[in-house]
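Protein chains: 4
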Amino acid sequence: MEKEDFLREPVQHIDIKSFDSTPIIEGMRHMSFTARDTAAAADILNMMINDPECTIILCIAGSTSAAGCMQIYADMVKHNMVDAVVATGATIVDMDFFEALGFAHYKGSSVADDRQLRRLYIDRIYDTYIDEEQLQICDNTVKKIADALDPRAWSSREFIREMGRYLVDHAVKHDSLIETAYEQDVPIFCPAFSDSSAGFGLVAHQVERPDDHVAIDSVKDFRELTEIKMRSDISGLFIVGGGVPKNFAQDTVICAELLGKPVKMHRYAVQITVADPRDGGCSGSTLKEAASWGKVDTNHEQMVFAEAAGVLPLIVSYAYHKRAWEKRTPRRWSRIFQ
Amino acid sequence: MEKEDFLREPVQHIDIKSFDSTPIIEGMRHMSFTARDTAAAADILNMMINDPECTIILCIAGSTSAAGCMQIYADMVKHNMVDAVVATGATIVDMDFFEALGFAHYKGSSVADDRQLRRLYIDRIYDTYIDEEQLQICDNTVKKIADALDPRAWSSREFIREMGRYLVDHAVKHDSLIETAYEQDVPIFCPAFSDSSAGFGLVAHQVERPDDHVAIDSVKDFRELTEIKMRSDISGLFIVGGGVPKNFAQDTVICAELLGKPVKMHRYAVQITVADPRDGGCSGSTLKEAASWGKVDTNHEQMVFAEAAGVLPLIVSYAYHKRAWEKRTPRRWSRIFQ
Amino acid sequence: MEKEDFLREPVQHIDIKSFDSTPIIEGMRHMSFTARDTAAAADILNMMINDPECTIILCIAGSTSAAGCMQIYADMVKHNMVDAVVATGATIVDMDFFEALGFAHYKGSSVADDRQLRRLYIDRIYDTYIDEEQLQICDNTVKKIADALDPRAWSSREFIREMGRYLVDHAVKHDSLIETAYEQDVPIFCPAFSDSSAGFGLVAHQVERPDDHVAIDSVKDFRELTEIKMRSDISGLFIVGGGVPKNFAQDTVICAELLGKPVKMHRYAVQITVADPRDGGCSGSTLKEAASWGKVDTNHEQMVFAEAAGVLPLIVSYAYHKRAWEKRTPRRWSRIFQ
Amino acid sequence: MEKEDFLREPVQHIDIKSFDSTPIIEGMRHMSFTARDTAAAADILNMMINDPECTIILCIAGSTSAAGCMQIYADMVKHNMVDAVVATGATIVDMDFFEALGFAHYKGSSVADDRQLRRLYIDRIYDTYIDEEQLQICDNTVKKIADALDPRAWSSREFIREMGRYLVDHAVKHDSLIETAYEQDVPIFCPAFSDSSAGFGLVAHQVERPDDHVAIDSVKDFRELTEIKMRSDISGLFIVGGGVPKNFAQDTVICAELLGKPVKMHRYAVQITVADPRDGGCSGSTLKEAASWGKVDTNHEQMVFAEAAGVLPLIVSYAYHKRAWEKRTPRRWSRIFQ
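Read top to bottom, the protein sequences are chains A, B, C and D.
Numbering follows the working numbering, with no gaps: position 204 of the first sequence is 214.
Numbering follows the working numbering, with no gaps: position 199 of the second sequence is 209.
Numbering follows the working numbering, with no gaps: position 57 of the third sequence is 67.
Numbering follows the working numbering, with no gaps: position 333 of the fourth sequence is 343.
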């Protein structure tokens with residue numbers, strides 16, 4: 011088989027505006043197990059949107075953007091359901107920026123012959139394929155953006171804003187999360203930015219300019235996100251996956267306290283994950299556990315133990331069709347850093 | 011808190027006829043991960059229904075009936091989407107028969123104080139509560155049914171048919187799976203029947219009549235289910251959970267071969283489970299693994315790694331609204347045993 | 011590749027007497043997560059053995075016997091650490107009886123080509139292979155045993171005792187669990203006996219003798235196990251896997267109560283499993299949940315969330331080398347049914 | 011209950027030199043499931059140590075250091091079994107540095123009342139407790155170290171080396187991973203350094219010195235780790251947990267290629283994790299999947315699906331007692347950056 015035979019059917023991103031999950035969520039509310047948890051998560055998301063003082067932070071780890079959820083995230087930002095994003099570098103660069111450049115993810119198989127894929131330069135994420143040669147173009151585009159910037163320490167937020175600016179002019183696909191967030195003044199943070207396609211581009215940039223180059227200062231990211239939390243006493247977390255983004259967003263409460271400006275715990279929190287709590291890792295740790303750390307309030311928190319691609323469409327479609335977002339005032343947190 | 015405080019909000023069973031999941035399934039088909047698997051499962055269920063020669067066997071383990079999926083199963087039987095049921099005793103007796111007698115499951119909490127529940131005679135299934143005193147009435151009703159029967163070895167199918175007959179006259183809630191299956195001549199098998207509320211009733215029955223009593227012969231169950239498989243060369247499995255029902259239904263292919271009447275492997279198979287394949291247990295073993303045993307064909311098989319209460323409503327609503335079941339001829343397999 | 015190429019390296023059963031895990035368990039006791047849970051499980055097993063009034067019930071589901079734990083179970087019985095066994099049919103017949111007849115399990119791969127295995131009549135359990143032709147000999151041996159018995163309703167315990175008697179004369183490998191238990195008067199129960207290789211043999215037996223044959227009455231099993239619980243007020247459960255054996259053994263407490271002879275909850279309980287509690291299935295339900303049902307006391311209970319083949323050798327080696335079993339009086343529960 | 015009642019029993023770190031797991035690993039090698047995988051992991055670790063050209067990279071995510079595995083990691087470095095460490099910030103700062111300052115983790119309960127813990131300023135990691143007031147001292151010590159450094163962009167490796175230097179003079183407990191690595195010239199990388207107690211200290215440092223401060227440049231980390239990979243063509247990964255450290259270490263192969271200096275894939279790889287592959291996250295993705303990306307060779311790779319605290323002691327004790335490390339020449343990779 012040739013490379014084209016493997017890269018035939020692109021993943022298509024689900025449009026949660028095109029159907030209304032309300033009757034399903036209403037039915038699930040009176041069930042048990044994951045069904046009830048899913049309905050409770052939808053309710054808490056809707057509560058966040060309805061709370062006029064609440065800043066909503068979307069945290070994304072894992073590969074849901076490659077798996078067809080990319081437009082969900084862009085729609086959340088576009089339709090004023092999210093005020094800040096904390097994500098893995100892969101989500102933002104390898105997936106979102108990558109597709110904005112005109113590339114695609116492809117439907118594949120989880121039981122592929124990985125040696126054959128390697129020979130064809132096809133990368134696999136569970137049951138999804140990527141053309142590695144296209145990914146290298148993505149790496150190089152990040153380098154090109156870095157080459158044009160002031161040689162100083164940047165937060166990932168600042169850098170991603172420059173990627174948004176780039177996409178306004180150069181995007182092949184214009185509804186990416188990065189570009190939408192740029193336009194809506196919604197900041198995007200990647201606390202482990204170099205752990206992604208961006209890392210490759212930035213290393214190449216630094217190696218070429220050993221003395222005078224862009225650095226990515228994750229402390230600055232933490233400072234900036236904490237600044238948002240300090241300005242917005244009330245906040246909610248909508249967490250997909252877990253990992254560094256979850257911990258990073260939770261930690262702002264503690265960081266504000268340390269800086270002498272105590273803030274409220276995150277009032278609302280939802281996490282969708284398949285991670286196991288029993289190894290003490292952050293991804294699987296329950297939101298109740300986070301309460302012991304003083305990070306998350308326990309009145310409105312819900313874990314949904316499910317792979318997110320299967321339940322996100324229901325949860326976000328529900329919140330979208332409740333239309334509470336129409337009455338929200340956008341926070342435009344990006345502006346405080348300009 | 012008193013008992014009534016815990017048993018306030020009954021679980022309500024979702025009605026997959028009341029909403030149409032088709033647009034969601036259509037969207038999920040082009041995604042990845044659990045979303046695509048869910049759509050593939052819906053497609054395979056629909057293929058089973060469309061195949062005029064296919065006998066569809068519904069296998070149920072776990073507590074989805076307590077969790078709000080009870081009406082889904084009854085609807086599948088009522089609307090000609092299922093020709094035989096293999097289930098755990100708990101599913102059929104503790105949950106379905108129990109609610110048919112007028113009792114309910116209640117919305118509870120997965121982090122309850124189990125000692126307090128114990129004091130109040132409340133039984134917990136993850137986040138769902140049961141009134142143990144009502145369950146004892148269920149036990150005793152099974153005993154009453156057994157007391158009225160011929161003292162001989164019965165298959166669980168025969169016995170459950172008597173429970174159906176009982177419900178026609180005595181049910182408080184008339185759309186139970188047992189009663190619906192009784193009316194549609196859809197046989198129900200519980201290969202581990204005594205491992206349930208029925209077991210309590212039947213032990214009491216036998217202890218009262220040490221020499222002359224009803225016995226439940228699981229070999230007869232296996233013989234009867236194999237008989238169905240031998241008469242219906244083409245078959246499909248729709249498996250919720252795993253466990254004994256999954257293995258039992260799969261094994262009919264091998265049993266037929268052993269009896270000198272080789273049959274085709276199950277042509278279609280879907281399994282929805284959170285079980286892990288890595289301990290070699292039947293629940294988590296993949297359908298591909300079952301292919302090595304000659305039980306399941308691999309052309310149309312799909313594992314959905316999800317807690318079933320969250321995805322069953324989507325899958326079955328899709329198949330229901332495709333309405334291929336309207337054109338099916340009911341198999342009425344119960345009749346071959348009369 | 012030929013069949014022999016796949017069936018080259020037999021699984022060898024670990025001998026927990028040949029090494030002493032004590033220093034490892036002692037170290038794990040002061041750690042956290044699975045390490046501490048493993049040590050706690052070892053301690054509770056040792057408490058059961060030290061309690062002079064305690065009947066110890068070993069419950070086995072899953073395929074650990076195929077995976078190299080078979081001798082652990084036989085050693086537990088032989089060395090007076092177990093007074094009754096409740097297991098899946100597969101554990102007792104397909105694995106233990108099968109190897110007693112001289113056959114073996116083989117080291118295989120979890121990413122095998124299952125269609126190829128099918129063509130070669132090799133059955134796969136995760137990463138372990140079985141020669142299906144040998145398994146058919148096992149089926150037929152069960153039939154032969156049944157053919158020689160009185161045509162009446164038997165409990166699985168009674169039938170397995172006959173299998174033990176058969177092995178005394180015919181076994182190729184003499185230290186099987188069945189034969190050891192036969193000799194030690196330790197009863198073995200399989201509440202879903204026909205869901206195994208035994209089922210095939212017994213169906214063939216019944217089909218050949220439609221009017222006059224052996225039936226397997228699982229109600230009788232439940233009655234007998236409850237009888238043991240009623241005679242031994244104090245009891246402990248050592249559960250590997252979960253499933254029907256776990257539920258069946260737990261339920262004896264309730265059954266005794268229903269028969270008007272209330273007994274104590276199981277005083278000790280250990281469960282080793284990878285099952286997830288979140289689908290409400292019995293395998294994954296916590297022992298605390300069982301306390302709400304009045305089945306298990308919560309003072310000495312421990313869940314170990316691990317695949318059992320990796321932790322059983324540590325736990326049982328520890329208890330073996332503590333040698334408390336040397337001072338126990340054997341219960342010989344089989345004798346009460348003779 | 012008072013705070014002291016919860017913080018009574020410190021976690022004690024297991025000493026893998028004090029027992030020899032060899033006979034257990036030898037027994038597990040001929041079993042199946044997790045047992046065989048554990049033995050295979052031990053063998054591959056030993057192969058890495060025996061390969062004279064191989065650089066061994068230890069990757070740590072999750073909370074095993076809090077759970078009693080801290081000394082295992084320090085022993086691996088001390089006894090020349092590891093040449094570079096990539097870890098989460100929590101592992102290095104919140105756990106290892108924290109204990110080096112004289113503080114402890116405590117044995118707790120996974121079903122604690124998190125609101126009560128919050129009131130007492132006790133943080134919970136699954137079943138383990140931390141005194142939050144002590145953690146704040148840890149934060150502030152990091153700040154103090156930063157305050158004394160040149161205001162420029164540092165890699166986390168450079169910064170952690172300063173922490174090692176600090177511990178030489180100030181440690182209360184002297185066998186920490188940080189101090190041992192400092193002395194052995196083994197570099198430690200935290201690609202998401204600010205996502206930890208260090209982040210709090212560094213934010214405080216930057217807020218106090220808005221114009222002239224230490225920044226942590228994760229690009230520099232990536233550059234440095236890639237430099238090591240380019241100098242050591244042959245390499246092996248020993249991965250506990252997954253997450254950012256796993257991905258970061260794997261990515262060096264691709265990064266070297268991008269810099270025009272193609273290197274071999276990681277020749278050896280072991281990963282111990284409970285993460286699920288089915289959500290496409292990095293933690294759960296198989297090492298075979300990494301092969302499609304060209305990161306890991308498939309000849310000597312082993313996933314062990316287990317919570318690490320339960321299996322690490324066996325695996326590393328085995329490799330320690332094989333004593334191949336005695337013949338290794340230390341790589342001292344820290345020196346190339348000086």
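No residue lacks a Cβ here, since even glycine has one placed at the ideal position from N, Cα and C.
Note that the structure is predicted; figures quoted are calculated from it, not measured.
Mind checking residue i: buried by the 16 CB within 10 Å criterion, or exposed?
i       : result
S28(C)  : exposed
I132(D) : buried
A300(B) : buried
Q216(C) : buried
M11(D)  : exposed
Nearest-angstrom Cα distance between residue i and residue j?
i       : j       : result
A94(D)  : D53(D)  : 20 Å
E189(D) : W335(D) : 20 Å
L269(D) : F258(A) : 31 Å
S165(C) : M91(D)  : 57 Å
D286(D) : G72(A)  : 11 Å
E218(D) : K230(A) : 13 Å
D221(D) : T101(A) : 31 Å
S31(C)  : F113(B) : 51 Å
V280(A) : A51(A)  : 6 Å
R349(C) : R342(C) : The structure shown does not extend to residue 349(C), since chain C is modelled only from 11 through 348, so no value can be given for it.
L177(A) : A110(A) : 7 Å
Between which two residues does the beta strand (DSSP E) harbouring residue i extend?
i       : result
C69(A)  : 65-70
E12(C)  : From DSSP, E12(C) is part of no beta strand (DSSP E); its letter is neither H nor E.
Y8(D)   : The requested residue 8(D) is not part of the displayed model; chain D covers only 11 to 348.
V306(C) : 306-315
V250(A) : 245-250
I24(A)  : Segment: none, I24(A) is in no beta strand (DSSP E) and carries neither H nor E.
R277(A) : 276-283
Can you pull the chain B neighbours of residue i, defined as C-beta to C-beta under 8 Å?
i       : result
G290(D) : S42, F43
T308(C) : D124, R125
D222(A) : Those do not exist, as D222(A) stays about 42 Å from chain B at its closest Cβ, beyond 8 Å.
Mind listing the chain B neighbours of residue i? Cutoff is C-beta to C-beta under 9 Å, in chain order.
i       : result
Y136(A) : S42, F43
I66(A)  : By Cβ distance, chain B contributes nothing, its closest Cβ being about 24 Å from I66(A), past 9 Å.
How would you list, in chain order, the residues of chain A whose beta-carbon sits under 7 Å from the beta-carbon of residue i?
i       : result
R128(D) : A301, S302, G304
In chain A, what lies closer than 8 Å to residue i by C-beta?
i       : result
P323(D) : Neighbours of P323(D) on chain A: none; closest Cβ ~15 Å, over 8 Å.
K2(B)   : Since the first residue shown for chain B is 11 and the last is 348, residue 2(B) is missing from the structure and cannot be characterised.
Residues of chain D with CB under 7 Å from residue i, in chain order?
i      : result
T48(C) : G320
Can you pull the chain C residues whose beta carbon is under 9 Å from the beta carbon of residue i, in chain order?
i       : result
I346(B) : Neighbours of I346(B) on chain C: none; closest Cβ ~15 Å, over 9 Å.
F315(A) : D286, R288
Applying a beta-carbon distance threshold of less than 7 Å, which residues of chain G neighbour residue i?
i       : result
T236(B) : No chain G is part of this structure, whose protein chains are labelled A, B, C and D.
Residues of chain B with CB closer than 7 Å to the CB of residue i, please, in chain order.
i      : result
Q81(A) : Those do not exist, as Q81(A) stays about 10 Å from chain B at its closest Cβ, beyond 7 Å.
So the alpha helix (DSSP H) residue i belongs to, where does it begin and stop?
i       : result
D409(D) : Limits of chain D in this structure are 11 at one end and 348 at the other, which puts residue 409(D) out of reach.
>> For the pair the segment 53-73 of chain C and the segment 154-171 of chain C, tell me if three or more CB-CB distances fall below 8 Å.
In response: No, the segment 53-73 of chain C is not in contact with the segment 154-171 of chain C.
> Is the segment 41-55 of chain A touching the segment 34-48 of chain B in the sense that three or more CB pairs, one from each, lie closer than 8 Å?
Replying inline: Taking 8 Å as the limit for Cβ pairs, the verdict is that the segment 41-55 of chain A does not touch the segment 34-48 of chain B.
> Is there contact between the segment 74-88 of chain C and the segment 172-183 of chain C, where contact requires at least three CB pairs shorter than 8 Å?
Replying inline: By the Cβ test, the segment 74-88 of chain C is not in contact with the segment 172-183 of chain C, since fewer than three Cβ pairs between them sit closer than 8 Å.
>> With three or more beta-carbon pairs closer than 8 Å as the criterion, would you say the segment 304-316 of chain B touches the segment 242-258 of chain C?
In response: Remark: fewer than three beta-carbon pairs, one from each stretch, lie closer than 8 Å, so the segment 304-316 of chain B and the segment 242-258 of chain C are not flagged as touching.
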